[in-house]
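Structure first, commentary second.
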Ligand SMILES: [Zn+2]
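Numbering (the working numbering), first residue to last: 82 to 553.
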């Protein structure tokens, strides 16, 4: 048994970051306790209307460590180690008082939408709490009920942070990734970050188990947030062992501290395979395209899948070129969040199972008697010879099969337009061997450009403006 600490909703769009608060708790508590396992950064349902940025909560375990320690970070010149297992070494209430000091010092109480909470539990709440919080909507009451009798829960203001704090503790990884987050010295927080882009490219190429690092289309790094938060940059990957060497490749400003988090980022944990399309849920639906894609105001592209509208938003950039090349009859699978009004699936990822053949009329029917081309009688009405007035059906015309540029396979938006929870195709081995559609598509969608808008997948949870996908 160890102390499970969960914290959520301490940051605001104007600054701070719950993961920085986690480093402060780690810095303090490791004076007297051992850290057990990696600290955790747990992303919850991205479609919650009241979420602050990436809807991420943190969870840390402390106690008396068992098993050989391993390095997970460095804070103020001190190496931070964790043990693979542990047991509790004091009462939760004593730990809670220390955690409270940090939550009260660092939370952005001035922001109306920031409602901090933390918990110190001796056991994890039911895993169902995590799954409900990552896929649906959990009430404060039901989160509290799941933690009853398990330890101390404290909340501030309207206390909504309780939901994330307890749900983060409830996470039992089915799939996981890691992110090393680096932080700036407080005096640098409001200044521009200095990171050498070439070093990010070098890191990206040398450490293939990392992902979402660099946009090769627009030549922009994606590892750093743009908001005035304490995060310098974050590198995400499948293998925690390479994150420290990868971090050392990055040139520029030196981080004041760094910490490796175990996360549910890039796992698709938020995606449900089901037919019911409840607003706020992220679903995976398969079917046939039933209308040609059309552009709507704002640069978005909409088509119909069965009887549901599917929208690829402007910030998904080059991904829209893939969507525009769909045609009625194509068999696809669409992953995305269901938006209530207008009811639509906000496309996060697309699998093209098969494309339907398309034809183009190249010549009207030939009348062999008169040696003349027949004339069209109008749409769907067939043809008639202008001399002998013989009638020809539509099928008598000459058609050419149009070469479809769209290849079967997986497609995803550029690096900077992905949600924290979305599994990058790179993680499932699909990366850049997916052929881009040809013709009008430039640059290819699989090169993952980063858009200029406010996007969801910057490192360190910092998103200055909401992605349309989040605007439920
Ligand atoms: Zn004729």
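We treat Cβ as the ideally placed atom computed from N, Cα and C, and that holds for glycine.
Keep in mind the model is a prediction, meaning the values are calculated, not measured.
Here the C-alpha atom of residue 355 lies approximately 22 Å from the C-alpha atom of residue 499.
For residue 114, no beta strand (DSSP E) run applies, since DSSP gives it neither H nor E.
Taking all protein chains shown into account, residue 205 has 16 or more neighbouring C-beta atoms within 10 Å of its C-beta and is therefore buried.
Checking the 6 Å criterion, the Cβ of residue 471 is within range of a heavy atom belonging to ligand 1.
Counting only residues of its own chain and dropping the five nearest sequence neighbours on each side, residue 474 has a CB closer than 6 Å to the CB of 463. Excluding its 5 nearest sequence neighbours in each direction, residue 219 has C-beta neighbours in its own chain below 8 Å: 210, 213, 244 and 248, listed in chain order. Beta-carbon to beta-carbon, residue 122 and residue 107 are separated by about 13 Å, too far to satisfy the 8 Å threshold. At a cut-off of 6 Å, the beta-carbon of residue 414 does not count as near ligand 1: no heavy atom of the ligand is closer than that. Between residue 202 and the set 215, 234 and 179, the nearest pair of CA atoms involves 234. Annotation: residue 381 to residue 431 spans about 16 Å, alpha carbon to alpha carbon. Taking one beta carbon from each stretch, the region 415-432 and the region 447-459 have fewer than 3 pairs nearer than 8 Å; the two do not touch.
When beta bridges are read from the DSSP output, residue 317 appears opposite 260 and 292. Taken in chain order, the whole beta strand (DSSP E) runs of length 3 or more contained in the region 230-289 are 232-236 and 258-264.
In the pairwise beta carbon analysis, the region 500-510 is classified as not touching the region 469-483: fewer than three pairs are separated by under 8 Å. Sequence-distant partners of residue 181 (beyond 5 residues in either direction) whose C-beta falls short of 8 Å from its own C-beta, in its chain, are 199 and 235.
Residue 186: member of the alpha helix (DSSP H) spanning 173-187, first to last residue. Using a C-beta cut-off of 8 Å, the region 326-342 makes no contact with the region 375-389, since fewer than three inter-stretch Cβ pairs fall below that distance.
DSSP places residue 430 outside any alpha helix (DSSP H); the residue lies instead in the beta strand (DSSP E), whose first and last residues are 425-435. Of the residues assessed, residue 310 falls on the buried side of the cut-off, its CB having 16 or more other CB atoms within 10 angstroms.
At the C-beta level, residue 284 and residue 250 stay beyond 7 Å of one another.
For residue 415, there is no enclosing alpha helix (DSSP H); the enclosing beta strand (DSSP E) covers residues 412-420.
Of the candidates 459, 472 and 425, 472 places its Cα closest to the Cα of residue 446. For the pair of segments examined, the region 278-295 was found not to touch the region 148-160: the number of CB pairs separated by less than 8 Å stays below three.
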